[in-house]
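For any residue, its number in my numbering is found by taking its place in the sequence shown, counting from 1, and adding 346. Every residue, glycine too, gets a C-beta built ideally from N, C-alpha and C.
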Amino acid sequence: MVRRPERVAEEALWKAFWQNEGGIAPNDVMYRRALRQVEQLDALQVEITNRNPKVLGLVIDEVDERLHNERSKADVAYWLGRWLRTGFVERLFAFLLGEGFSIYVTADHGNVDATGVGRPNQGVIAESRGERVRVYRSESLRADSAVAYPGTISLDIAGLPANFMPLFAGGRSAFVPDGDQVVVHGGVSVEELIVPFVKVSAVSGEG
347 MVRRPERVAE EALWKAFWQN EGGIAPNDVM YRRALRQVEQ LDALQVEITN RNPKVLGLVI
407 DEVDERLHNE RSKADVAYWL GRWLRTGFVE RLFAFLLGEG FSIYVTADHG NVDATGVGRP
467 NQGVIAESRG ERVRVYRSES LRADSAVAYP GTISLDIAGL PANFMPLFAG GRSAFVPDGD
527 QVVVHGGVSV EELIVPFVKV SAVSGEG
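Structure, rendered in structure tokens:
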């Protein structure tokens, strides 16, 4: 099986963090991604039981994958409710708590409803293309796009390379075909930048 380099890097970085910060050996750290459906849980539970890791990182990317196929937050909420009713989260959490794990839930980004304003037509000039941000190697090219798309935001962000120049879609707009309704991320709104960090605990007894 061919693995994408960035996916391999994620696992390596996860293990390196726990080794450096907690003194936990890589063999005691487990990382799994592409978890989406309840049918995957049997094999996952067997693997966790057999390996008995001290630290476990699980990426539930069904939500992120589905997010990009929806046109509004209302659609996302409807689909999310259906997915939760499969029992995936409830079953996974019950198993992990039963195994003695402390559970922390977070996300890598938020998202917003947005309306398309068109795609800047630079071909391969842009270093990367996104729905809420495009990145340029040249200030003049970024400036040309900013003029062509009023309301966009050019930011010079400390820590980025000198030739890494982002242009953000303004307001609730996105660099997708004009008028398209999408759910996107990658911009500078509060909703996209702030993510949850939740501890999940078992509750004993009745309320």
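TODO: Report the rounded CA-to-CA distance for R417 versus Y424, giving the unit in angstroms.
DONE: 12 Å
Open item on the list: One question on the structure: do R465 and V522 come within less than 9 Å of each other, judged by their Cβ atoms?
Closed with: By the CB criterion at 9 Å, R465 and V522 fall inside the cutoff.
- [ ] Pick helix, strand or coil for F363, following the three-state DSSP scheme.
- [x] helix
Open item on the list: Let me confirm a value: A460 is counted as buried when at least 16 other C-beta atoms fall within 10 Å, else exposed. Which label applies?
Closed with: buried
Task: Residues bridged to D459 (per DSSP) - done: V529
Open item on the list: Taking contact to mean 3 or more Cβ pairs, one atom from each stretch, closer than 8 Å, check whether the stretch 535-545 and the stretch 445-454 are in contact.
Closed with: yes
TODO: Return yes when the Cβ of F514 is within less than 9 Å of the Cβ of R529, no when it is not.
DONE: Arg is not the amino acid found at residue 529; the sequence shown has Val there. Their beta carbons are not under 9 Å apart, which means V529 does not touch F514 by this criterion.
Task: F510 classed as buried or exposed, judged by whether at least 16 other C-beta atoms fall within 10 angstroms - done: exposed
- [ ] Could you name the residues of the same chain whose beta carbon sits closer than 6 Å to that of G476, not counting the 5 residues immediately before and after it, in chain order?
- [x] G532
Task: Cβ-based burial, S519 [other Cβ within 10 Å; buried from 16] - done: buried
Task: Extent of the continuous beta strand (DSSP E) run through R417 - done: Looking at the DSSP string, R417 is not in any beta strand (DSSP E), and its letter there is neither H nor E.
Open item on the list: I believe D407 touches R382 by the beta-carbon criterion, under 8 Å. Please report the beta-carbon distance rounded to the nearest angstrom.
Closed with: The beta carbons of D407 and R382 sit about 7 Å from each other, so the pair counts as a contact at 8 Å.
Task: Residue from V384, N415, L390 whose Cα sits closest to the Cα of R378 - done: L390
TODO: Measure the alpha-carbon distance for N467 versus I503 and round it to whole angstroms.
DONE: 24 Å
- [ ] Pull up the distance between the alpha-carbon of L443 and that of A362, whole angstroms please.
- [x] 25 Å
TODO: Determine which residues share a DSSP beta bridge with E520 and list them.
DONE: Per the sequence shown, residue 520 should be read as Ala rather than Glu. In the DSSP output, where bridge partners are listed per residue, A520 has G462.
TODO: Check the DSSP bridge columns for K545 and list the partner residues they point to.
DONE: Y450
TODO: Decide if P602 is buried, meaning its Cβ has at least 16 other Cβ atoms within 10 Å, or exposed.
DONE: The structure shown does not extend to residue 602, since the chain is modelled only from 347 to 553, so the question has no answer here.
- [ ] List the DSSP bridge partners of G444.
- [x] Its beta-bridge partners do not exist; DSSP assigns none.
Task: Three-way DSSP call (helix, strand, coil) for F514 in this model - done: In the displayed model, F514 falls within a strand according to three-state DSSP.
- [ ] Just tell me which of F434, A358, V463, A355 has its CA closest to the CA of D322.
- [x] Nothing in the structure corresponds to residue 322, since the chain is present only between 347 and 553.
Task: For V534, the three-state DSSP class (helix, strand or coil) - done: coil
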